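To get the numbering used here, take the position in the sequence shown, counting from 1, and add 2.
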Amino acid sequence: MEKVAKEIVLTGGPCSGKTTAINYIAEKLRDKGFRVFVVQEFATMLILAGVGNLNKLEERDPERYLKVEEQMLLMHLETRKRFNAIARIFNNEKS
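Here is the structure:
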């Protein structure tokens, strides 16, 4: 049976402490010798890449907003799959 990487998923709205929590958890796990992969937040990535304010897009053009959300979900699912594959390459090896 193929191993699946353990995942910790954090959710929350803007400024709810996700980044702080991610950094804290990753540091503690690394201190214990675990190899930790941290995937960047896709909404922020898209906003900074040029999509702009998603809340304004939702108000201004709901149809386009839903298309962006769909692409963001697809990006998330594909990236999750790739990171699981990368984690399997290391096969629970500690850093």
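Glycine is no exception: its CB is placed at the ideal position from the N, C-alpha and C atoms.
In this text, all values refer to a predicted model and were calculated from it rather than measured experimentally.
Check                                                                                                                                                       : Outcome
Taking only the alpha-carbon atoms, compute the straight-line gap between residue 19 and residue 43 and give it to the nearest angstrom.                    : 13 Å
Under the three-state reduction of DSSP, which class applies to residue 25: helix, strand or coil?                                                          : helix
Would DSSP call residue 57 helix, strand or coil?                                                                                                           : helix
Nearest to residue 73 by alpha carbon, out of 94, 96, 48, 63?                                                                                               : 48
Using the rule of at least 16 other Cβ atoms within 10 Å of the residue's Cβ for burial, across every protein chain shown, is residue 51 buried or exposed? : exposed
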